[in-house]
Amino acid sequence: MGNRVRLRVQVPGEAYYKDLVSCQVACPVHTDARGYIRAVAAGRFEEAYLIARGPNPLASICGRVCGAPCEAACRRGRVPRVDDDGRFVASDRPIAIRAIKRFACEGFGPEARDPGEVLRALRDHVPPVLGEAEEMAALVRSSAARMFRPADGEPVAIIGAGPAGLAAAHDLALLGLRPIVFEAEPLPAGMLVLGVPSYRLPRDLVAREIDVIGALGAEIRCGIAVGRDISLADLRRSHRAVIVAAGAKASRSLGLPGERGPRVYGGVDLLRAVALGSPIDIGQEVVVIGGGNVAYDVARTVLRQIAYDTARTAARLPGIGRVHLVSLETLEEMPADTEEIIEGDAEGIRRRNGWGPVEIRRGGDGSVRGVLLRRCLRVYDEKRRFSPIFDDAAVEEIPCDTVLLAVGQATDLGFLRDGGGDVELVRPGWPKVDTETLATTAPGVFVAGDLAHGTRLLIDAVASGKAAARSVYRHVTGRAIERDAVTVHIPLERYRRERGYEAIRRVPIPATEPEERLRDPAALVEIGYDGEEARREASRCLDCGVTPVFDGTRCVLCGGCVDVCPTQCLKLAGLDEIEPDADFERAVEGVLGRDADPEASTVILKDEDRCIRCALCAMRCPVDAIAMERVTVSTCWRHP
Ligand SMILES: Cc1cc2nc3c(=O)[nH]c(=O)nc-3n(C[C@H](O)[C@H](O)[C@H](O)COP(=O)(O)OP(=O)(O)OC[C@H]3O[C@@H](n4cnc5c(N)ncnc54)[C@H](O)[C@@H]3O)c2cc1C
849 MGNRVRLRVQ
859 VPGEAYYKDL
869 VSCQVACPVH
879 TDARGYIRAV
889 AAGRFEEAYL
899 IARGPNPLAS
909 ICGRVCGAPC
919 EAACRRGRVP
929 RVDDDGRFVA
939 SDRPIAIRAI
949 KRFACEGFGP
959 EARDPGEVLR
969 ALRDHVPPVL
979 GEAEEMAALV
989 RSSAARMFRP
999 ADGEPVAIIG
1009 AGPAGLAAAH
1019 DLALLGLRPI
1029 VFEAEPLPAG
1039 MLVLGVPSYR
1049 LPRDLVAREI
1059 DVIGALGAEI
1069 RCGIAVGRDI
1079 SLADLRRSHR
1089 AVIVAAGAKA
1099 SRSLGLPGER
1109 GPRVYGGVDL
1119 LRAVALGSPI
1129 DIGQEVVVIG
1139 GGNVAYDVAR
1149 TVLRQIAYDT
1159 ARTAARLPGI
1169 GRVHLVSLET
1179 LEEMPADTEE
1189 IIEGDAEGIR
1199 RRNGWGPVEI
1209 RRGGDGSVRG
1219 VLLRRCLRVY
1229 DEKRRFSPIF
1239 DDAAVEEIPC
1249 DTVLLAVGQA
1259 TDLGFLRDGG
1269 GDVELVRPGW
1279 PKVDTETLAT
1289 TAPGVFVAGD
1299 LAHGTRLLID
1309 AVASGKAAAR
1319 SVYRHVTGRA
1329 IERDAVTVHI
1339 PLERYRRERG
1349 YEAIRRVPIP
1359 ATEPEERLRD
1369 PAALVEIGYD
1379 GEEARREASR
1389 CLDCGVTPVF
1399 DGTRCVLCGG
1409 CVDVCPTQCL
1419 KLAGLDEIEP
1429 DADFERAVEG
1439 VLGRDADPEA
1449 STVILKDEDR
1459 CIRCALCAMR
1469 CPVDAIAMER
1479 VTVSTCWRHP
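The sequence shown begins at 849 in our numbering and counts up by one.
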């Protein structure tokens, strides 16, 4: 063997099958994205909605604005595209999972049906694959049946009606407790309505989705700020438990000279003012500091405000304003989504990459005159830690009259003063949290969402709200809800894919033209797929739950499967080429016995990222040693 580098492999076992469907694994609530995408491809649109909605009470909202970790994990995005000579051209693009979800929700979610109908459909739905696992199906049915019982059990207070608070309220109501949500703002949904602009997320859709949660028996009291209108001490006295889901609503500041004073705002403060229709004084030459998605929401919202105001008062205003976006990062490093950058560029945002602010210049009358910038030579160190280095000699000034800071958010835990003295903090503004149970150090007080894990995605907040609800249930009733996972293997006879599915390019998501968008601040940018587009895009899904299974006892080592594989994902290798680990040795011993001769034995290897589940290997095998199998991992919460 000498010093030959051996191949590292994973033997298919429990862990391998659990991770097979990477979109489902990546989703914090483990939505079976593969399941609903294949349902859309087959034209079973209602089933698609029900699969998407099952674990996620905010499925319709997610269909519009979820950060979609599932898409980042989608295997189709890793399949290499090759030219006619087999040379690598580029990786393929992931399935547009979010846009497909939107399509399914628009047809069968609260967008199209009243809350009662949505709940009835959910109650009656048992995922088809669970038909194979009777016990599981019974569990699903019994938890769904709770949907029509009144949520009249022990009262649980939730502070904040953002996605975390709403998800907690939804699950607590299903569990038969009585969730009461206290929300400081005049309307529920937290950052989904205070931060996410309406050109991305229509407000009536948000209201409809929340109506379904209300129909389960969750009570949402808006305009009540804990700490101002009611104390945490009162809530703890009158409720069996409290979930604090207060988010991170405050804008972080940079402490620059000139930062305090008129016409310098926090980005989320600006978004909140626009969302609630509060007057805010913005000029015509605006600089937004920040390079993430929030900075884009801020910049694009201001652009729309200026365009709208200008259109209404054109006779009085001197000219259309300009919005500059200043980011420390280079274009390639910017944390904002590529779509945001492209759409922002198309709408006229003046992007300045590789610059950082030094000072906000003000005139003698105190008004903003400009932002002084210095060149940023590097943002991250070798370990990818934020550690910017600047060139102090390279400075520039952007003349402007308004500055908006979109450089992160902070929490406001002022309400802990009365009744939260026993909530320990890990650092100012952030409670100490048990990451498993989401309990704080104060008995009966739990946290969820951004406040529990720092600012992340909406779907992380939903997952965390659901986890907090389970912990509260245990706290109140003394009974734990166990997670059950059932892995079902279903042999697929004569499995075939749609013709040409491997060559279909990602279907672009239709969007309005940039000029149209700026005419009305609420004009939606993404229009979404119609049925034909959704089915075509869905048909690109590789259906990763389907996998070839190799029977070593039948294989005659003809190599036909390797030859026929269009992506060269299969390889025959000698046993002695493999880096052995305990799993591998156990597997070899199981098949060949203890005395297998590494020189004389052969294994078949599959590169998971290249396999497109086309089944050609199974069709080609002359001795039926390869079978296509569907593997489904379904999780369910077992109520005691
Ligand atoms: C501008 C912006 C855009 C975003 N866009 C996206 C996106 O496109 N996709 C995505 O996946 N994620 C996005 N996010 C992230 C996502 O919105 C958040 O992670 C999520 O909203 C956090 O949920 P939460 O429930 O923890 O907190 P929040 O949504 O912040 O909700 C907290 C709620 O608690 C209330 N509250 C606070 N204090 C009190 C009190 N004392 N009494 C009563 N109520 C109180 C607040 O008013 C608020 O309604 C965005 C965030 C921002 C800021």
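Backbone N, C-alpha and C fix where the C-beta goes; we use that ideal spot for every residue, glycine too.
Flag R1048 as yes when its Cβ comes closer than 8 Å to any non-hydrogen atom of ligand 1, and as no otherwise. If you number the sequence shown from 1, residue 1048 lands on position 200. Yes - ligand 1 has a heavy atom lying nearer than 8 Å to the Cβ of R1048.
Please classify N1141: does DSSP put it in a helix, a strand, or coil? In the sequence shown, the residue the question calls residue 1141 occupies position 293. Looking at N1141 - three-state DSSP - the assignment turns out to be helix.
Assumed close pair A1296, G1277 - CB separation to whole angstroms, cut-off 8 Å: The residue labelled residue 1296 in the question sits at position 448 within the sequence shown. The residue labelled residue 1277 in the question sits at position 429 within the sequence shown. In fact, because the Cβ distance is near 16 Å, the residues do not count as touching under 8 Å.
Using the Cα positions of L1416 and A944, report the straight-line distance between them to the nearest angstrom. To locate residue 1416, count along the sequence shown from 1; it is residue 568. To locate residue 944, count along the sequence shown from 1; it is residue 96. Rather than Leu, the amino acid found at residue 1416 in this sequence is Gln. Their backbone Cα atoms lie some 25 Å apart in a straight line.
Same chain, Cβ closer than 8 Å to Y864, neighbours up to 5 away in sequence not counted: Against the sequence shown, residue 864 aligns to sequence position 16. Cβ within range, chain order: Q858.
Just to check my reading of the structure: L1225 and F1234 have Cβ atoms closer than 8 Å, yes? What is that Cβ distance to the nearest angstrom? Counting from one through the sequence shown, the residue named residue 1225 turns up at place 377. Counting from one through the sequence shown, the residue named residue 1234 turns up at place 386. That pair is no contact at about 14 Å.
In angstroms, rounded to a whole number, what distance separates the CA positions of F1294 and L1179? Locating residue 1294 in the sequence shown gives position 446, counting from the first residue. Locating residue 1179 in the sequence shown gives position 331, counting from the first residue. Taking the straight line joining both Cα atoms gives about 40 Å.
Work out the CA separation of M1182 and C1139 for me, nearest whole Å. Counted from its first residue, the sequence shown places residue 1139 at position 291. Counted from its first residue, the sequence shown places residue 1182 at position 334. Sequence inspection shows Gly at residue 1139; the Cys mentioned does not correspond to that position. For G1139 and M1182, the distance between alpha carbons rounds to 6 Å.
How about P1247 and L1221: are their beta carbons less than 9 Å apart? Mapped onto the sequence shown, residue 1247 falls at position 399. Mapped onto the sequence shown, residue 1221 falls at position 373. Cβ distance not < 9 Å, so P1247 and L1221 don't count as in contact.
Taking all protein chains shown into account, do 16 or more other C-beta atoms lie within 10 angstroms of the C-beta of H1337, making it buried, or fewer, making it exposed? Your numbering for residue 1337 matches position 489 in the sequence shown. Burial call: exposed.
Would you list, in sequence order, the uninterrupted beta strand (DSSP E) runs of no fewer than 3 residues that lie entirely inside the stretch 950-975? none
Please check the pair V1112 and V1216, which I expect to be a contact at CB under 8 Å, by giving their CB distance rounded to whole angstroms. For the purposes of this step, residue 1112 is taken as the residue at position 264 of the sequence shown. For the purposes of this step, residue 1216 is taken as the residue at position 368 of the sequence shown. With 8 Å as the limit, V1112 and V1216 qualify as a contact, their Cβ atoms being about 7 Å apart.
In the DSSP assignment, find the alpha helix (DSSP H) that holds L1042 and state where it starts and stops. The sequence position of residue 1042 within the sequence shown is 194, counting from 1. Run containing L1042: 1039-1042, per the alpha helix (DSSP H) assignment.
Starting from the Cα of L1014, find the closest Cα among E965, E1002, A1066 and give me that residue. Within the sequence shown, residue 1014 is the residue found at index 166, counting from 1. Per the Cα distances, A1066.
Proximal residues to T1289 (C-beta, below 7 Å), its chain only, five neighbours per side dropped: Locating residue 1289 in the sequence shown gives position 441, counting from the first residue. The residues are D1270, V1271, E1272, K1280.
Report buried or exposed for G979, applying the criterion of at least 16 other Cβ atoms within 10 angstroms of its Cβ. Indexing the sequence shown from 1 puts residue 979 at position 131. Its pLDDT being 44, under 50, G979 is placed unreliably in this model, and the value from its coordinates should be taken loosely. With fewer than 16 other Cβ atoms within 10 Å, it is exposed.
Since P1027 is in the beta strand (DSSP E), which residue starts that stretch and which ends it? For the purposes of this step, residue 1027 is taken as the residue at position 179 of the sequence shown. Element bounds for P1027: 1026-1031.
Compute the Euclidean distance between the alpha carbons of D1052 and A1016, then round it to the nearest angstrom. The residue you call residue 1052 lines up with position 204 of the sequence shown. The residue you call residue 1016 lines up with position 168 of the sequence shown. Cα to Cα, the separation comes out at about 22 Å.
Looking at R1076 and ligand 1, is the gap between the Cβ and the nearest heavy atom below 8 Å? The residue labelled residue 1076 in the question sits at position 228 within the sequence shown. Yes, Cβ of R1076 sits closer than 8 Å to a heavy atom of ligand 1.
With DSSP as the reference, label T1149 as helix, strand or coil. Stepping through the sequence shown from its first residue, residue 1149 is reached at position 301. In this structure, T1149 counts as helix in the three-state DSSP scheme.
Candidates A1073, R1209, R1344: closest to E1244 by CA position: Stepping through the sequence shown from its first residue, residue 1244 is reached at position 396. Residue R1209 is the option with its Cα nearest to E1244.
Is the beta carbon of R1345 less than 9 Å from the beta carbon of D1411? Taking the sequence shown and counting its residues from 1, one reaches residue 1345 at position 497. Taking the sequence shown and counting its residues from 1, one reaches residue 1411 at position 563. Their beta carbons are not under 9 Å apart, which means R1345 does not touch D1411 by this criterion.
For A964, does the count of other Cβ atoms within 10 angstroms reach 16, so buried, or fall short, so exposed? Position 116 of the sequence shown, counted from the start, is the residue given in the question as residue 964. Here the sequence assigns Gly to residue 964, which means Ala is not the residue at that position. Classification of G964: exposed, given that the 10 Å Cβ count is below 16.
Under 9 Å, do F1030 and G1376 count as touching if we go by C-beta distance? Residue 1030 sits at position 182 when you count from the first residue of the sequence shown. Residue 1376 sits at position 528 when you count from the first residue of the sequence shown. No; because the gap between Cβ atoms is not below 9 Å, this pair is not in contact.
If the criterion is Cβ atoms closer than 9 Å, does the pair S1387 and A889 meet it? Your numbering for residue 1387 matches position 539 in the sequence shown. Your numbering for residue 889 matches position 41 in the sequence shown. For S1387 and A889, yes; Cβs fall inside 9 Å.
Return yes when at least one heavy atom of ligand 1 lies under 8 Å from the C-beta of K1314, else no. Residue numbering aside, residue 1314 sits at position 466 when the sequence shown is read from its first letter. Because no heavy atom of ligand 1 lies under 8 Å away, the Cβ of K1314 does not count as near it: no.
Contact check, V1116 vs I1007, beta carbons under 9 Å: Position 268 of the sequence shown, counted from the start, is the residue given in the question as residue 1116. Position 159 of the sequence shown, counted from the start, is the residue given in the question as residue 1007. The answer is no: Cβ separation not under 9 Å.
Mind checking whether the beta-carbon of I1058 lies closer than 8 Å to any heavy atom of ligand 1? Looking up residue 1058 in the sequence shown gives position 210. Because no heavy atom of ligand 1 lies under 8 Å away, the Cβ of I1058 does not count as near it: no.
So V873 packs on R882, CB below 8 Å; how close in whole Å? On the sequence shown, position 25 is the one that residue 873 refers to. On the sequence shown, position 34 is the one that residue 882 refers to. V873 to R882, Cβ: 10 Å. No contact.
Relative to the C-alpha of L1366, which residue among P1358, S1046, A1096 is closest? As a position in the sequence shown, residue 1366 is number 518, starting the count at 1. When only C-alpha atoms are compared, the closest one is S1046.
Member of P917, A896, G1292, D1457 whose CA lies at the smallest distance from the CA of D1185: Indexing the sequence shown from 1 puts residue 1185 at position 337. Closest by alpha carbon: P917.
Look at the alpha carbon of R1478 and the alpha carbon of E862, and state the distance between them as a whole number of angstroms. Looking up residue 1478 in the sequence shown gives position 630. Looking up residue 862 in the sequence shown gives position 14. Taking the straight line from one Cα to the other gives about 14 Å.
Taking its Cβ as the centre, do 16 or more other Cβ atoms sit within 10 Å of R1056, making it buried, or is it exposed? Taking the first residue of the sequence shown as position 1, residue 1056 is located at position 208. Buried: at least 16 other Cβ atoms inside 10 Å.
Alpha carbon of G1043 to alpha carbon of A1241, nearest angstrom: Indexing the sequence shown from 1 puts residue 1043 at position 195. Indexing the sequence shown from 1 puts residue 1241 at position 393. Whole-angstrom Cα-Cα distance: 37 Å.
Please report the straight-line C-alpha distance between L1025 and D1019, rounded to a whole angstrom. Residue mapping note: residue 1025 aligns to position 177 of the sequence shown, counting from 1. Residue mapping note: residue 1019 aligns to position 171 of the sequence shown, counting from 1. Between L1025 and D1019, the C-alpha separation is close to 9 Å.
Evaluate S1126 with the Cβ neighbour count: other Cβ atoms within 10 Å of its Cβ, from every protein chain shown; 16 or more gives buried, anything less gives exposed. One-based indexing of the sequence shown puts residue 1126 at position 278. Its Cβ having fewer than 16 others within 10 Å, S1126 is exposed.
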